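Trainee: Residue numbers (full-length UniProt numbering), protein chains in the order written: chain D, 1 to 261; chain Z, 1 to 261. Take this structure, written in structure tokens, and hold onto it; I'll ask about it next.
There are 2 protein chains.
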Amino acid sequence: MTSRASILPAEAREAFRAGLVEPTSGWSRGYAQANVLSIPREHAFDLLLFAQRNPKPCPILGILEPGQTTGPLLAGGDIRTDVPKYTVYRDGEKVDEPTDITGYWQDDLVTFLIGCSFTFESALQDGGVRIAHIDQGVNVPMYRTNRPCAPAGAMAGPMVVSMRPVPASQVADAVRITSRYPAVHGAPVHVGNPEELGIADLGRPDFGDAVEIAAGQIPVFWACGVTPQAAVMQSRPPLAIGHAPGHMLITDARDSDYLVP
Amino acid sequence: MTSRASILPAEAREAFRAGLVEPTSGWSRGYAQANVLSIPREHAFDLLLFAQRNPKPCPILGILEPGQTTGPLLAGGDIRTDVPKYTVYRDGEKVDEPTDITGYWQDDLVTFLIGCSFTFESALQDGGVRIAHIDQGVNVPMYRTNRPCAPAGAMAGPMVVSMRPVPASQVADAVRITSRYPAVHGAPVHVGNPEELGIADLGRPDFGDAVEIAAGQIPVFWACGVTPQAAVMQSRPPLAIGHAPGHMLITDARDSDYLVP
């Protein structure tokens with residue numbers, strides 16, 4: 001197998017379909033990765049409305065209509081097999097972490113493909129901003145905040161944020177660079193003061209791993225695609241299937257497709 | 001009554017609620033007007049998905065959830081009475097043009113409030129670009145094009161555009177000014193060649209009125225909020241209620257709320 005960074009999306013999906021299971025960070029550099037969330041059509045209006053009202057944490061890259069298993073973002077692929085690992089929820093409770101969801105599939109499932117901040121990390125690196133969690137070899141730290149999202153029907157919950165420590169001299173660069181990617185969370189929602197977001201201890205993230213924050217670095221917070229999963233679970237749909245954390249769908253869209261001038 | 005341009009939105013809605021019937025062009029200058037479309041929840045997912053896939057013709061300003069009759073865009077108002085005139089469709093056919101829809105209301109109706117290009121006309125005028133249909137005292141001309149929208153479930157149809165003739169020396173200004181209002185259709189979708197859009201005769205619009213095009217003026221086309229109404233009618237929902245053409249909802253949002261840098 002060639003280096004993970006240079007594998008094309010269709011080849012990556014084929015490898016996962018054939019049974020490979022590993023996190024997708026660093027795979028297929030230059031191509032957008034997506035959060036995946038499949039729920040019954042009966043609940044899909046509320047989720048789409050939640051996303052419309054909360055575009056920063058819930059940027060929609062694409063939607064597969066009821067029963068559809070493929071689409072232009074995964075040409076020739078199958079959403080039931082092409083994600084390395086899934087999480088299955090019944091009535092809001094996790095019941096399984098399979099590598100294939102063919103056995104759980106229902107013809108009324110609508111699949112949301114939601115932007116992921118991994119997409120702007122390459123641009124940050126290209127701009128000279130180092131990514132602590134990549135350097136430290138861990139998952140990005142994520143935190144529930146005290147900021148409620150705008151509710152929609154049965155969907156409600158707090159905004160979840162990801163955090164990257166940035167040297168004070170580069171905070172403006174990090175804001176400027178990520179602002180140009182509004183479809184993948186865009187500019188930070190907060191800079192510098194975790195207490196104001198209701199985060200008591202940066203060393204204890206709610207999801208992902210803690211990272212070391214060096215002297216002179218400022219914690220910078222971006223809206224996170226975990227937000228809609230948390231809101232959906234709160235509404236306890238009979239069935240919901242998401243990707244397992246860090247195991248994203250690798251799409252055919254290029255990171256640059258989401259760049260604005 | 002004070003001049004229509006200086007009436008506040010809540011006062012305008014109260015006048016319409018009390019029975020006044022007239023087009024809203026020129027009312028409450030500086031406040032955004034909205035296309036209105038109420039359909040049963042069962043059809044609302046498809047329409048919201050259609051809007052998500054076609055943001056230029058279908059910019060969502062707000063959505064009232066099933067049965068809701070008021071919201072932040074019409075504080076203290078009632079969507080069943082505060083639009084000057086409505087159009088009621090059964091199975092896609094027009095059946096009534098009432099000034100109050102209380103008798104048609106159902107608790108499963110979801111109401112879409114969709115951006116209207118009237119919002120950027122003030123900005124064009126402030127930028128020195130005259131609006132032909134205002135100068136000529138007629139409704140804006142609108143045309144079905146040969147450009148299909150991205151379909152969503154049962155919703156499909158061509159993009160509908162509005163046309164404003166602009167002096168060649170001001171086309172760049174018109175593009176620049178309207179680009180800054182992406183939530184109300186934004187930049188033009190086409191400049192200069194109606195044949196390419198499948199429009200055979202500018203003198204015979206599909207909706208609204210024809211305008212005179214002076215020598216040296218270029219026809220400029222913007223995506224139009226009539227597009228989703230046409231797509232909804234094609235799907236023939238059992239009930240759909242829209243505003244009557246030119247008789248919009250006057251919202252509490254300011255035009256400037258939709259301005260981007």
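Virtual Cβ for every residue (Gly too), placed ideally from N, Cα, C. Predicted model only: the values in this text are computed from it and were never measured.
Compute the beta-carbon to beta-carbon distance between Gly67/D and Asp107/D, rounded to the nearest angstrom, for a pair I have assumed lies under 8 Å.
Mentor: With a Cβ gap of about 4 Å, Gly67/D and Asp107/D count as contacting.
Trainee: Between the Cα of Leu20/D and those of Pro72/D, Val226/D, Asp100/D, Val260/D, spot the shortest distance and give me the residue it belongs to.
Mentor: Comparing Cα positions, the closest option is Asp100/D.
Trainee: What are the complete beta strand (DSSP E) segments, minimum 3 residues, inside the segment 194-237 of chain Z?
Mentor: With a minimum length of 3 residues, the continuous beta strand (DSSP E) runs that stay inside the segment 194-237 of chain Z are 217-223.
Trainee: Classify Ser3/D: buried if its beta carbon has 16 or more other beta carbons within 10 angstroms, exposed otherwise.
Mentor: It counts as exposed.
Trainee: Given that Phe45/D touches chain Z, what residues does it touch there, using C-beta distances under 7 Å?
Mentor: Those within 7 Å of Phe45/D in chain Z are Arg41, Ala44, Phe45, Leu48.
Trainee: In the structure shown, what three-state DSSP assignment does Leu113/D receive?
Mentor: Strand, per DSSP.
Trainee: How do the segment 185-200 of chain D and the segment 237-254 of chain D stand: do at least 3 beta-carbon pairs fall below 8 Å, yes or no?
Mentor: The segment 185-200 of chain D is not in contact with the segment 237-254 of chain D.
Trainee: Would you check if the segment 90-100 of chain D and the segment 178-188 of chain Z touch, i.e. whether three or more CB-CB distances between them fall below 8 Å?
Mentor: No, they do not touch.
Trainee: Taking the alpha-carbon positions, what's the Gly157/D to Pro57/D distance?
Mentor: Those two C-alpha atoms are separated by around 12 Å.
Trainee: Which class does Ala174/D belong to by DSSP, given the choice of helix, strand or coil?
Mentor: Reduced to three states, the DSSP call for Ala174/D is helix.
Trainee: To which residues does DSSP link Asp96/Z through a beta bridge?
Mentor: Per DSSP, Val88/Z.
Trainee: Residues of the segment 5-27 of chain D with a CB closer than 8 Å to any CB of chain Z: list them in chain order, please.
Mentor: If the cut-off is 8 Å between Cβ atoms, the segment 5-27 of chain D has nothing near chain Z.
Trainee: I want to see whether chain D comes within less than 8 Å of Ile60/Z, judged by CB atoms only; does it?
Mentor: Cβ-Cβ to chain D under 8 Å: yes for Ile60/Z.
Trainee: Is it true that the CB of Phe16/Z sits closer than 8 Å to the CB of Asp82/Z?
Mentor: Yes, the Cβ-Cβ distance between Asp82/Z and Phe16/Z is below 8 Å.
Trainee: Going by beta carbon distance, what residues of the same chain come within less than 6 Å of Gly208/D, once the five residues before and after it are set aside?
Mentor: Asn139, Val140, Pro141, Met142, listed in sequence order.
Trainee: Can the beta-carbon of Ala10/Z be found closer than 8 Å to that of Gly76/Z?
Mentor: Their beta carbons are under 8 Å apart, which means Ala10/Z touches Gly76/Z by this criterion.
Trainee: Looking at the unbroken beta strand (DSSP E) that takes in His243/D, where does it start and where does it end?
Mentor: Per DSSP, His243/D belongs to the beta strand (DSSP E) from 240-243.
Trainee: Which residues of chain Z have a Cβ atom closer than 9 Å to the Cβ of Gln52/D, listed in chain order?
Mentor: Simply Leu48, Ala51, Gln52, Ile60, Ile63.
Trainee: At the 8 Å Cβ level, is Gly115/Z part of the contact set with chain B, yes or no?
Mentor: Absence of chain B from the displayed structure is noted, the protein chains being D and Z.
Trainee: Show which residues of chain D have a CB atom less than 7 Å away from the CB atom of Gly153/Z.
Mentor: Here the neighbours are Glu65.
Trainee: Hey, Arg164/D and Ile131/D: beta-carbon distance below 8 Å or not?
Mentor: Yes. Within cutoff.
Trainee: Taking 7 Å as the cut-off, is the beta-carbon of Ser256/Z closer than that to any non-hydrogen atom of the ligand HEM?
Mentor: Of ligands this structure carries none, so the ligand HEM is not represented either.
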